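Numbers given in this note's numbering equal positions in the sequence shown, counted from 1, plus 62.
Single-structure report; data block below.
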Amino acid sequence: MSSEGKLIVVEGPDHVGRSMHARLLSERLEAHGVAVKVVGLARSSLLGEIIKTSNSGIHNLNWRTRALLYATDLYDQYIHDIQPLLEAGFVVIADRFTLTPLIRESIRGGDSDWIQTLYNKLPEPTATVVLQAGGRRLLNRMMYNDSLTKLNHYEAGADMALSPSITRSFLEYQKLLREAFMLHAQENNYPVVHTRHSVSEVHKTVWNYVKPFVSDMLQTIRE
Numbered sequence: 063m064s065s066e067g068k069l070i071v072v073e074g075p076d077h078v079g080r081s082m083h084a085r086l087l088s089e090r091l092e093a094h095g096v097a098v099k100v101v102g103l104a105r106s107s108l109l110g111e112i113i114k115t116s117n118s119g120i121h122n123l124n125w126r127t128r129a130l131l132y133a134t135d136l137y138d139q140y141i142h143d144i145q146p147l148l149e150a151g152f153v154v155i156a157d158r159f160t161l162t163p164l165i166r167e168s169i170r171g172g173d174s175d176w177i178q179t180l181y182n183k184l185p186e187p188t189a190t191v192v193l194q195a196g197g198r199r200l201l202n203r204m205m206y207n208d209s210l211t212k213l214n215h216y217e218a219g220a221d222m223a224l225s226p227s228i229t230r231s232f233l234e235y236q237k238l239l240r241e242a243f244m245l246h247a248q249e250n251n252y253p254v255v256h257t258r259h260s261v262s263e264v265h266k267t268v269w270n271y272v273k274p275f276v277s278d279m280l281q282t283i284r285e
C-alpha cells in the first residue's frame, strides 16, 4: 500500500466473534498509542442504513444486484472514510471486507470472477485474518444469546433450498461457507483462527499475527 496507514481485515461467518475481536484488536492498538478506526459491511453513509433496514428485501434480489449494492457500500466507505484515514496514518480494521460478499454470492451461483472485478480498485489489505467455528458451535452460540429466533432465511441459506428444516439448512449453509473461507485462506495464505478457545486465547492468536504488520507504529506501554 502506498499510504502510511494499515488496513487489517477480520473475516468469517456470522456469530463467529468478528466484531468482538475487531473491537479487542482496536482497543489493544489504541493502548499502544495507535490511531484506529473500525469499519465494516453496510456501514457507509450512502447505503449502510438502507442495506440494514431493507435486509430481507435486498436478499430477495438476484446475486448480481446484491453484489453491486455491497460493492457500492464499500467504495463509498473507501472514498469518504478508509482512504483518508489510511493517508492520515490510521490503522483501519475492517469487520468484513470484500471476501464475505464474494463468498456469499459465489456459493449461490454468482460469477466469482465478475464479482471480484467489482473490487479491483480497492486496496489490498495489509493483513487478513479468518475466524472460524463449526456450524453447531455457531448454532449453540445463537441459542445461548437468544438470537436463534432472529435467524432469517438468507442467513440460514434457506433461499438455497438446502433443507426444509431451518436449523439443518443453517448447518449445511455454514458448511458451504466454511469450505469457501478455507479455500480462499489457503489460496491467499491467510491465517485461520478457530474460536473454540477462550476469548483471550483467540485474541492472543489474532494479535500475534497482526503485530508484525503494525510493529513500526506501536508505542511502548509503561506499567
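Note that beta-carbon positions come from the ideal geometry of N, C-alpha and C, so glycine has one too.
These numbers come from a predicted model, not from an experiment.
Self-check item: the ligand COA heavy atom lying under 7 Å from the CB of residue 202
Solution: For the ligand COA, the structure offers nothing, since it holds no ligand at all.
Quiz item: Which same chain residues, not among the five before or five after residue 213, have their C-beta less than 8 Å away from its C-beta?
Solution: By one-based count along the sequence shown, residue 213 stands at place 151. Only 204, 228, 232 meet the Cβ criterion.
Practice problem: Find the nearest neighbour of residue 184 within the set 215, 144, 90, judged by alpha-carbon distance. | Solution: In the sequence shown, counting from the first residue as 1, residue 184 sits at position 122. When each option's Cα is compared against that of residue 184, the closest is 144.
Quiz prompt | For residue 137 and residue 259, the rounded distance between their alpha carbons | solution = To locate residue 259, count along the sequence shown from 1; it is residue 197. To locate residue 137, count along the sequence shown from 1; it is residue 75. Residue 259 and residue 137 have their C-alpha atoms some 35 Å from each other.
Practice problem: Report yes if the C-beta distance between residue 152 and residue 99 is below 8 Å; otherwise report no. | Solution: On the sequence shown, residue 152 is found 90 positions in, with the first residue counted as 1. On the sequence shown, residue 99 is found 37 positions in, with the first residue counted as 1. Yes, these two residues count as a Cβ contact at 8 Å.
Quiz item: Hey, how far is the Cα of residue 237 from the Cα of residue 196?
Solution: Residue mapping note: residue 237 aligns to position 175 of the sequence shown, counting from 1. Residue mapping note: residue 196 aligns to position 134 of the sequence shown, counting from 1. Near 8 Å, if we compare the C-alpha coordinates of residue 196 and residue 237.
Quiz item: In chain order, what residues of the same chain lie with their CB nearer than 8 Å to the CB of residue 240, ignoring the 5 residues before and after it?
Solution: The residue you call residue 240 lines up with position 178 of the sequence shown. Correct list, in chain order: 75, 194, 196, 197.
Quiz item: For residue 154, does the three-state DSSP call read helix, strand or coil?
Solution: The residue labelled residue 154 in the question sits at position 92 within the sequence shown. Residue 154: strand per DSSP, three-state reduction.
Quiz item: Going by beta carbon distance, what residues of the same chain come within less than 6 Å of residue 165, once the five residues before and after it are set aside?
Solution: The count along the sequence shown starts at 1 and reaches residue 165 at position 103. Its chain contains 242 as the residues whose beta carbon lies nearer than 6 Å to that of residue 165, once the 5 sequence neighbours on both sides are disregarded; these appear in chain order.
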